[in-house]
Amino acid sequence: MANTTHTTIYPGSRAAALAFCVGSVCKEADSVLSRAAWTDTKHLIWFTGHMGSDAHPLIPNGNELAHSQARDLTRRVRREGGPRPKGEKWLRNQLQTCNGI
Numbered sequence: 006m007a008n009t010t011h012t013t014i015y016p017g018s019r020a021a022a023l024a025f026c027v028g029s030v031c032k033e034a035d036s037v038l039s040r041a042a043w044t045d046t047k048h049l050i051w052f053t054g055h056m057g058s059d060a061h062p063l064i065p066n067g068n069e070l071a072h073s074q075a076r077d078l079t080r081r082v083r084r085e086g087g088p089r090p091k092g093e094k095w096l097r098n099q100l101q102t103c104n105g106i
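Residue numbers for the sequence shown follow our numbering, so the first one is 6 and each next one is one higher.
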């Protein structure tokens with residue numbers, strides 16, 4: 006996102022943020038960044054992708070939305086314990102993170 010006084014980049018990946026800080030970015034990111042209208046002041050703000058669906062009152066958390074929809078597609082229980090559609094087989098175990106395995 007950019008305004009007239011500074012440019013702020015919000016990467017959802019810690020690895021991407023660290024790579025950007027040392028000048029190492031992938032081809033796709035370089036293409037986007039090279040077309041950006043930069044200002045003199047640049048801010049890089051990393052945030053963890055799983056901050057909850059209500060991390061900001063006005064902006065939906067796209068990562069949490071994608072995670073929830075992926076759970077629905079794999080027929081696994083939702084972290085929030087939401088209702089399950091009737092007539093469909095659901096697995097009882099939750100999806101695990103890399104740290105949870």
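Note that CB positions come from ideal geometry on N, CA and C, so glycine has one too.
(message) Tell me the DSSP secondary structure of L63 in three-state form.
(response) Within the sequence shown, the letter at position 58 stands for residue 63. Correct three-state label for L63: coil.
(message) Let me check understanding here. Comparing Cα to Cα, which of I14, S73, H72, E33 lies closest to C26?
(response) Here the question's residue 26 lines up with position 21 in the sequence shown. Here the closest residue by C-alpha is I14.
(request) Within 10 angstroms of the Cβ of H11, are there 16 or more other Cβ atoms? Answer buried if so, exposed if not. (result) Position 6 of the sequence shown, counted from the start, is the residue given in the question as residue 11. Answer is exposed; the Cβ neighbour count stays below 16.
(request) Report, in whole angstroms, the separation of the C-beta atoms of W43 and A22, which I expect to be a contact under 8 Å. (result) The sequence position of residue 43 within the sequence shown is 38, counting from 1. The sequence position of residue 22 within the sequence shown is 17, counting from 1. No, W43 and A22 are not in contact; Cβ-Cβ is about 17 Å, not under 8 Å.
(request) Taking I50 as part of the beta strand (DSSP E), name the residues at either end of that continuous run. (result) Sequence index remark: in the sequence shown, residue 50 carries index 45 (1-based). Counting along the chain, no beta strand (DSSP E) covers I50, and no H or E run does either.
(request) Starting from A20, follow the alpha helix (DSSP H) in both directions and report where the run begins and ends. (result) The residue labelled residue 20 in the question sits at position 15 within the sequence shown. Start and end: 19-26.
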